[in-house]
Structures are given as structure tokens and as C-alpha cells.
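Position in the sequence shown (from 1) plus 10 gives the number in the numbering used here.
For every residue, glycine included, the Cβ atom is placed at its ideal position computed from N, Cα and C.
Written below as C-alpha cells is the structure these notes are about.
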Amino acid sequence: MLWRRIDSRRTRRASPVGALWPVMFLAVSSACAGPRAGDREAARTEVVATPAVEPALEPPNQPPNEPAVAPAIEPSVEPANEPAPREPLPFPWPLPPGWIAETIPFPLGFAPSLNYSGLEELRFAPGMFKAESEDFWTYAFVWWLEGEVALDASKLNEELAIYFEGLSAAVEGPDFDAERAKVVSRLAPAPSDDAKRTRWHGTVSSYDAFATHARIELHVEVESFRCEARDRTVAMFLVSPRPPGHTVWTQLAAVGDSFRCSAP
């Protein structure tokens, strides 16, 4: 699904649908081809060896000279190929109504050079992939990183370029001109009212590989802090092309604030 589907394709992991398709195709092919020669021969031998059987009597109360009606047989229905249930997260992070969640373990298939251990957890706004939507390309994601990880503006700018360029290349495919998706990230330190939390904000000039296939300017806010009891470093990213002060940022801020290191 979404980022995970891209990640799976990049690392050549088979999807559940892909795994089922050969079985379904084989079943349909066998049905269309009819019985094999060996099966026909076995059936012929069986008929010759079987003694004669008295004809069946018509069922009682059946009008004379009318064929018996076989009971209706319900057509078999293939079970729906439903996605596997999501594994529980190692932290509480509520999902707002209409939003979509996704979990990807590190290393990320579309950005394997981000050398972290942990996972990426994403929250997509309802209109994330709809160019006409107010919350187009609006989402939040967390990097839940093992150990103590030092982040600064320079490192974040470099890693966001790797992240978004890799994402675009994975979505567009091998023939895509990577120069079109070159990313320029301009994050700078931002004020923080909590000494244990470090913040950055700025813009990321990137590329939309999902809807418009054109350049897109994203506003990004990042907050990093430690979950000491879990020995994890958290980097929370809030992203939208809408400028700060737009109503989507009110909801994005609420999504970010709802994250907790562990259950209370």
C-alpha cells in the first residue's frame, strides 16, 4: 500500500496479489483445457468395468414425464484478497478519521543509504494523492530510530534529498530522468519552547511523482526528541505544500502532538 507498495517493488518482494495470481491462472487454464488424455483413458476404463445400474426411479409426487429438477448450486466465490492486519506499533499514535496509516521498516527500499535501524510510520491526509484537494501532499511521518541519533539541519537537508529523490525514482520507474526530481532542501533551526526537543523548519523543492508529475514546493517542519525509556530517537516530520498558517497545518500539528513514546 502506498509507500510500502513502492518499497516492496523496489526490493523485489512479491505482493500478496502477485503470489496468488499464478495459482488462479493455473486453475482457470486447467478448467479451459478440459480433461487430459490420461484422464479420458481412465474414465473410459472405469465405464467399461462398471456393472450396469438400474435406472433411478422418479421421485414421488413428481408429475409424469417431467425431468427431475436438480437443486440450485450456489457459485463458489473466491475469498477476497484482503491486506494482512497491521502489526501493533511500538508507540501510541492515533489515526485521524479518513487518514491512512503505513509502516515501513528501515532500511527503506527506495532510500537504502539512510543508514538507520528502526521504522518509518506515516499518516496520509485524505487528499494526499489528489491534486485538486486542499490537503494534497499533506502528511506526517515519524522516524523511530534505535539508539541515540544526532540530527542537525545539514544532515536533515542531505537525508531529505535522498529520501524524496529515491521516492520519485521508485514511483516513476527505471526510464525516468532523475534530473527532473532533483531535491533542494532548505531547513534551518526553529525556536523550541522545550529544551529536550529540537526543531527545524523550511522548504523542500521536490517532485510530485503521484499526480501532477511536476515540481512541487513543500513546507516542512521537523521536531526531534529522545524516548529515553525506550532508547529511541524520534524525528517527526510534518509536510504540506500549503504555507504555514493554512488550516491544514492546524490538523497536521494536532497529528504530530498526538504522538507518544509509550502508553501512559
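message = Please report the distance separating the alpha-carbon of E158 from that of M246.
response = Translated into positions along the sequence shown, residue 158 becomes position 148. Translated into positions along the sequence shown, residue 246 becomes position 236. Those two C-alpha atoms are separated by around 15 Å.
Residue interval of the alpha helix (DSSP H) (run including V265)
In the sequence shown, the residue the question calls residue 265 occupies position 255. Per DSSP, V265 is one residue of the alpha helix (DSSP H) stretching across T257 to D267.
Between which two residues does the alpha helix (DSSP H) harbouring A171 extend? Translated into the one-based positions of the sequence shown, residue 171 becomes position 161. A171: member of the alpha helix (DSSP H) spanning A163 to E182, first to last residue.
Problem set entry | Closest residue to P122 among A205, W259, L99 and L170 (Cα-Cα distance) | In the sequence shown, the residue the question calls residue 122 occupies position 112. Between P122 and the set A205, W259, L99 and L170, the nearest pair of CA atoms involves L170.
> If we count Cβ pairs, one from each stretch, closer than 8 Å, do we get three or more for the stretch 253-264 versus the stretch 173-180?
Replying inline: Contact between the stretch 253-264 and the stretch 173-180 is absent, with fewer than three C-beta pairs closer than 8 Å.
Subject >> Same chain, Cβ closer than 6 Å to R209, five either side skipped, listed in chain order >> reply: Taking the sequence shown and counting its residues from 1, the one referred to as residue 209 is at position 199. The answer, listed in chain order, is A200, S202 and E233.
Q. In three-state terms, what does DSSP make of E158?
A. Position 148 of the sequence shown holds residue 158. Coil, per DSSP.
Could you have a look at E144 and say whether DSSP puts it in helix, strand or coil? Counted from its first residue, the sequence shown places residue 144 at position 134. DSSP places E144 in coil when its eight states are reduced to three.
If F146 sits next to K140, beta carbons under 8 Å apart, how far is it from one beta carbon to the other, in whole angstroms? For this step, residue 146 is matched to residue 136 along the sequence shown. For this step, residue 140 is matched to residue 130 along the sequence shown. Between the beta-carbon of F146 and that of K140 there is about 6 Å, and that keeps the pair under the 8 Å contact cut.
Give me the Cβ distance between P100 and W154, rounded to the nearest whole Å; I'm assuming they're in contact under 8 Å.
Counting from one through the sequence shown, the residue named residue 100 turns up at place 90. Counting from one through the sequence shown, the residue named residue 154 turns up at place 144. About 7 Å separates the beta carbon of P100 from that of W154, a gap short enough to meet the 8 Å contact definition.
Along the chain, where does the beta strand (DSSP E) containing L248 start, and where does it finish? Numbered from its first residue, the sequence shown carries residue 248 at position 238. Segment R242 to S250, the beta strand (DSSP E) holding L248.
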